[in-house]
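Participant: The sequence shown begins at 976 in the numbering used here and counts up one residue at a time. From the three backbone atoms N, C-alpha and C, an ideal C-beta is built for every residue, glycine too. Below is one structure. I have some questions about it.
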Amino acid sequence: MSPIVPDSNIWISWLLDDLGSERFSGVFAEDSQVIVPGMVVYEVTRWLLVRGKTTIARHARERMERMLLVPLDGNLASRAALVAAEHRLAMADAMILATAREYDAEVWTQDVDFADVPGVRKFERL
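Take a look at the structure:
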């Protein structure tokens, strides 16, 4: 499997075992090539904690730590700004896409904001 950057909504769907989340199970297998931008760590953890899902947030963090975590630095922030301007993306989405491009990876998302963005595999919410 090629490297994949699951967007925060893919993580949350999988962690909560939402309808259709089985589509993402292979991505989170131990031998997969998952890249985790620091922004995804923040978004997933915050989303879960705000909803009182502390145990799941801890599980998510443990899982993410076994994958390639990519912190935000100045170079990545600059590339994200260019991506945001080019595709009219919000900050978090731009950071996720810039990280994927840095690692020649595909973004997996259910976010309609990524419509028509190359290098992104979009899934419909079920």
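1) Comparing alpha-carbon positions, which option in Gly1094, Arg1096, Ser988 and Asp1086 lies nearest Ile1031?
2) Starting from Val1019, trace the alpha helix (DSSP H) both ways and give me its first and last residue.
3) Quick check: Val1045 and Thr1074, are their CB atoms within less than 9 Å of each other?
4) Just how far apart, CA to CA, sit Asn984 and Asp1086?
5) Let me check one thing: in DSSP terms, what residues is Ile1010 bridge-paired to?
6) Inspect the beta-carbon positions of Leu1101 and Met1070 and report whether they are closer than 9 Å.
7) For the alpha helix (DSSP H) holding Arg998, just list the boundary residues, first then last.
8) Taking the continuous beta strand (DSSP E) assigned at Glu1081, which residues delimit it?
9) Buried or exposed, going by whether 16 or more other CB atoms sit within 10 Å of the CB of Ala1065?
10) Could you round the C-beta distance between Val1002 and Ile979 to whole angstroms and report it? I think they count as a contact, below 8 Å.
11) Exposed or buried, what is Val1025 when buried is set at 16 or more other beta-carbons lying within 10 Å of its beta-carbon?
12) Give the single residue among Gly1013, Asp1091, Trp986 and Glu1099 whose Cα lies nearest to the Cα of Ala1035.
13) Going by C-alpha to C-alpha distance, which of Arg1033, Ile1010, Val1082 and Asp1088 sits closest to Leu990?
Facilitator: In short, the structure shows the following:
1) Ser988
2) Gly1013 to Val1025
3) yes
4) 7 Å
5) Leu1043
6) no
7) No alpha helix (DSSP H) contains Arg998, which DSSP labels as neither H nor E.
8) Glu1081 to Thr1084
9) exposed
10) 6 Å
11) exposed
12) Trp986
13) Arg1033
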